[in-house]
Amino acid sequence: MRIAVIAVAEVMLQLGIAYWVSVHQPGWVVWTLMCYIISGTLNHSLGTAIHEIGHNLAFGHHHGPANRVLSLVCNLPMIIPVAVSYKKYRHDHHRWLGHEDLDVDVPMHIECRLFRSVPLRVVWILLNPLFYALRPFFKSPRPVTAWEGINLIVQSAFDVIAWHCLGNYAFAYLLMGTVIGFGPHPMAGHVISEHYLFADNLVTHSYYGPLNIPLFNAGYHVEHHDFPYIPFTRLHKLKELAPEFYNHLPYHSSLCKVMWDFVFMPGLGPEARSITTTLKSQPETYNKVPHFELTSALTFPDASKKAE
Numbered sequence: 001m002r003i004a005v006i007a008v009a010e011v012m013l014q015l016g017i018a019y020w021v022s023v024h025q026p027g028w029v030v031w032t033l034m035c036y037i038i039s040g041t042l043n044h045s046l047g048t049a050i051h052e053i054g055h056n057l058a059f060g061h062h063h064g065p066a067n068r069v070l071s072l073v074c075n076l077p078m079i080i081p082v083a084v085s086y087k088k089y090r091h092d093h094h095r096w097l098g099h100e101d102l103d104v105d106v107p108m109h110i111e112c113r114l115f116r117s118v119p120l121r122v123v124w125i126l127l128n129p130l131f132y133a134l135r136p137f138f139k140s141p142r143p144v145t146a147w148e149g150i151n152l153i154v155q156s157a158f159d160v161i162a163w164h165c166l167g168n169y170a171f172a173y174l175l176m177g178t179v180i181g182f183g184p185h186p187m188a189g190h191v192i193s194e195h196y197l198f199a200d201n202l203v204t205h206s207y208y209g210p211l212n213i214p215l216f217n218a219g220y221h222v223e224h225h226d227f228p229y230i231p232f233t234r235l236h237k238l239k240e241l242a243p244e245f246y247n248h249l250p251y252h253s254s255l256c257k258v259m260w261d262f263v264f265m266p267g268l269g270p271e272a273r274s275i276t277t278t279l280k281s282q283p284e285t286y287n288k289v290p291h292f293e294l295t296s297a298l299t300f301p302d303a304s305k306k307a308e
């Protein structure tokens, strides 16, 4: 229930700022900074709220429609309808983690072939919101549901109202918050930090740092995949209660460093994912991970050893 209050407050704050932009029409420098710092942060935070709500962690598993309605509300300032489709494919990601076709988080072959050089990795980060949105429909298309239709109708109606009532300047502020917030923004680094191979034989990594506050503790990603129905308010307690399972694992402490390493380190980029083609559950995906010798953004605890 706590996430419902916080998420609705974020929606109201974002729309209030958009109204301010509409009234005061700041110069392009101020507008650009606001898009990056404020809109990008709030919209990405709302995206991680949608992730949390997608696991029915706002109102519980017995109140599915209420969770979906809340996700539609969170989606409004993001301009692009993503809430319901994200929930649908996110469950596949948890079930088929690392599967070449069924895990839509895994980049397509064309992404891995095209975006290998440093400049093209930067382009990939810039275009990642587009890839993230379209990849499921190419890799593992599923029938459109009624709730996805509702998501589209509600979001389209809101977009028309926002355009007419706030004007194109404020509308662009909201839209760029999504484009930037899920692209070249520090918070977007958590998407890269979670499952790219920064260390040998580790398909999933956690991030422990201050950005977990607006990310609703999405950085506790190993913990989340172990127990996907623990709410964000308690994930850190799981690590405290079971230190023998988590304290020895390497982790990220800087999402900016994650993005830097992703672009500039040899061996990284979109192709640095653990891939399996077998229809098995998560533990088996760890058996055939390629060997990577990297000195990366990961922090290795004393109890942990780097791959040799």
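First residue of the sequence shown? That's 1 in UniProt numbering, and the numbers climb one at a time after it.
Built from N, CA and C at the ideal position, the CB exists for glycine as well.
**Request:** Assign residue 87 to buried or exposed, taking buried as 16 or more other Cβ atoms, counted over all protein chains shown, within 10 Å of its Cβ.
**Result:** Position 87 of the sequence shown, counted from the start, is the residue given in the question as residue 87. So residue 87 ends up on the buried side.
**Asked** Which of helix, strand or coil does DSSP assign to residue 99?
**Response** Here residue 99 corresponds to residue number 99 of the sequence shown, with the count starting at 1. Residue 99: strand per DSSP, three-state reduction.
**Message:** So for residue 252, helix, strand or coil by DSSP?
**Reply:** Translated into the one-based positions of the sequence shown, residue 252 becomes position 252. Three-state result, residue 252: strand.
**Message:** Tell me the DSSP secondary structure of residue 117 in three-state form.
**Reply:** Within the sequence shown, the letter at position 117 stands for residue 117. Note: residue 117 maps to coil in three-state DSSP.
**Request:** Verify whether the separation of the beta carbon atoms of residue 180 and residue 35 is less than 8 Å.
**Result:** For the purposes of this step, residue 180 is identified with residue 180 of the sequence shown, where counting begins at 1. For the purposes of this step, residue 35 is identified with residue 35 of the sequence shown, where counting begins at 1. Cβ atoms of residue 180 and residue 35: closer than 8 Å.
**Asked** What three-state label does DSSP hand residue 68 in the structure shown?
**Response** Here residue 68 is taken as the residue at index 68 of the sequence shown, counted from 1. Residue state, collapsed to three classes: helix.
**Item:** Close-in-space but distant-in-sequence residues of the same chain around residue 270 (CB under 7 Å, 5 per side omitted)
**Value:** Counting from one through the sequence shown, the residue named residue 270 turns up at place 270. Within the same chain, residue 270 has close Cβ partners 107, 111, 112, 115, 124.
**Message:** Going by beta-carbon coordinates alone, are residue 25 and residue 76 separated by less than 8 Å?
**Reply:** Against the sequence shown, residue 25 aligns to sequence position 25. Against the sequence shown, residue 76 aligns to sequence position 76. Their beta carbons are not under 8 Å apart, which means residue 25 does not touch residue 76 by this criterion.
**Asked** When the Cα of residue 132 is compared with those of 147, 188, 171, 172, which residue comes out closest?
**Response** For this step, residue 132 is matched to residue 132 along the sequence shown. Looking at the Cα atoms, 188 is the closest of the given residues.
**Asked** So, is residue 216 buried or exposed, given that buried needs 16 or more other C-beta atoms within 10 angstroms?
**Response** Position 216 of the sequence shown holds residue 216. So residue 216 counts as buried.
**Prompt:** CB residue 53 to CB residue 6, shorter than 8 Å?
**Reply:** In the sequence shown, the residue the question calls residue 53 occupies position 53. In the sequence shown, the residue the question calls residue 6 occupies position 6. Going by C-beta atoms, residue 53 is not nearer than 8 Å to residue 6.
**Item:** Inter-residue spacing [alpha-carbon to alpha-carbon] between residue 48 and residue 83
**Value:** Your numbering for residue 48 matches position 48 in the sequence shown. Your numbering for residue 83 matches position 83 in the sequence shown. Using only the alpha carbons, I get a separation of about 10 Å.
**Asked** Rounded to a whole number of angstroms, what is the C-alpha to C-alpha distance between residue 70 and residue 240?
**Response** Stepping through the sequence shown from its first residue, residue 70 is reached at position 70. Stepping through the sequence shown from its first residue, residue 240 is reached at position 240. Between residue 70 and residue 240, the C-alpha separation is close to 30 Å.
**Item:** Between the CA atoms of residue 46 and residue 12 - distance to the nearest angstrom
**Value:** Position 12 of the sequence shown, counted from the first residue, corresponds to residue 12. Position 46 of the sequence shown, counted from the first residue, corresponds to residue 46. Each residue's alpha carbon lies about 11 Å from the other.
**Request:** Can you grab the Cα-Cα spacing for the pair residue 16 / residue 169, in whole Å?
**Result:** Counting from 1 along the sequence shown, the entry for residue 16 is found at position 16. Counting from 1 along the sequence shown, the entry for residue 169 is found at position 169. Rounded to the nearest angstrom, the two C-alpha atoms are 14 Å apart.
**Asked** Can you tell which of 137, 105, 90 has its C-alpha closest to the C-alpha of residue 273?
**Response** Locating residue 273 in the sequence shown gives position 273, counting from the first residue. That would be 105, whose Cα lies nearest to the Cα of residue 273.
**Request:** Since I believe residue 55 is in contact with residue 228 (beta carbons under 8 Å), could you give me their beta-carbon distance rounded to a whole number of angstroms?
**Result:** Taking the sequence shown and counting its residues from 1, one reaches residue 228 at position 228. Taking the sequence shown and counting its residues from 1, one reaches residue 55 at position 55. Rounded, the Cβ-Cβ distance is 6 Å, consistent with contact.
**Message:** Does residue 229 come out as helix, strand or coil in the three-state DSSP assignment?
**Reply:** On the sequence shown, residue 229 is found 229 positions in, with the first residue counted as 1. It is coil, neither helix nor strand.
**For residue 223, the nearest candidate out of 210, 209, 212, 205 (CA to CA)** = Indexing the sequence shown from 1 puts residue 223 at position 223. Answer by Cα proximity: 205.
**Asked** How would you call residue 280, buried or exposed, if buried means at least 16 neighbouring beta carbons within 10 angstroms?
**Response** The residue labelled residue 280 in the question sits at position 280 within the sequence shown. Residue placement at residue 280 is flagged as unreliable, the pLDDT there being 44, under the threshold of 50; the coordinate-derived value follows with that caveat. Residue 280 comes out exposed.
**Prompt:** Just to confirm, are residue 94 and residue 225 a CB contact at a threshold of 8 Å?
**Reply:** The count along the sequence shown starts at 1 and reaches residue 94 at position 94. The count along the sequence shown starts at 1 and reaches residue 225 at position 225. Closer than 8 Å, so yes.
**Request:** Could you tell me which uninterrupted alpha helix (DSSP H) segments, each at least 4 residues in length, are contained entirely in the region 13 to 80, listed from first to last along the chain?
**Result:** 28 to 34, 40 to 54, 64 to 75
**Prompt:** What residue range is occupied by the uninterrupted alpha helix (DSSP H) comprising residue 238?
**Reply:** Here the question's residue 238 lines up with position 238 in the sequence shown. Its alpha helix (DSSP H) spans residues 235 to 241.
**Message:** Please report the straight-line C-alpha distance between residue 177 and residue 96, rounded to a whole angstrom.
**Reply:** Indexing the sequence shown from 1 puts residue 177 at position 177. Indexing the sequence shown from 1 puts residue 96 at position 96. Their Cα atoms are separated by approximately 30 Å.
**Prompt:** According to DSSP, which residues form a beta bridge with residue 196?
**Reply:** As a first step, residue 196 must be located in the sequence shown, where it is residue number 196. DSSP lists 273 as partners of residue 196.
**Prompt:** Buried or exposed: which applies to residue 233, given that a residue is buried once 16 or more other Cβ atoms fall within 10 Å of its Cβ?
**Reply:** What you label residue 233 is simply residue 233 of the sequence shown in a count that begins at 1. Residue 233 comes out exposed.
**Prompt:** Nearest to residue 202 by CA position, among 213, 165, 249, is which residue?
**Reply:** Indexing the sequence shown from 1 puts residue 202 at position 202. Of the candidates 213, 165, 249, the one whose C-alpha sits nearest the C-alpha of residue 202 is 249.
**Asked** Thinking C-alpha only, which one of 255, 145, 162 is nearest residue 191?
**Response** Taking the sequence shown and counting its residues from 1, the one referred to as residue 191 is at position 191. Measuring from the Cα of residue 191, the nearest candidate turns out to be 255.
**Proximity of residue 263 and residue 118 at Cβ, strictly below 8 Å** = If you number the sequence shown from 1, residue 263 lands on position 263. If you number the sequence shown from 1, residue 118 lands on position 118. It is a contact, given that the beta carbons lie within the stated cut-off.
**Prompt:** Where does residue 244 land, buried or exposed, given buried means 16+ other C-beta within 10 angstroms?
**Reply:** As a first step, residue 244 must be located in the sequence shown, where it is residue number 244. Burial call: exposed.
**Asked** How should residue 138 be labelled, buried or exposed, when 16 other C-beta atoms within 10 angstroms of its C-beta is the threshold for buried?
**Response** For the purposes of this step, residue 138 is taken as residue 138 along the sequence shown, with counting starting at 1. Residue 138 comes out exposed.
**Prompt:** Do residue 183 and residue 129 have their C-beta atoms closer together than 8 Å?
**Reply:** By one-based count along the sequence shown, residue 183 stands at place 183. By one-based count along the sequence shown, residue 129 stands at place 129. Cβ atoms of residue 183 and residue 129: closer than 8 Å.
**Request:** Kindly list the residues whose CB is nearer than 7 Å to the CB of residue 193, restricted to its own chain and excluding five residues on each side of it in sequence; keep chain order.
**Result:** On the sequence shown, residue 193 is found 193 positions in, with the first residue counted as 1. Only 205, 207, 252, 255, 258 meet the Cβ criterion.
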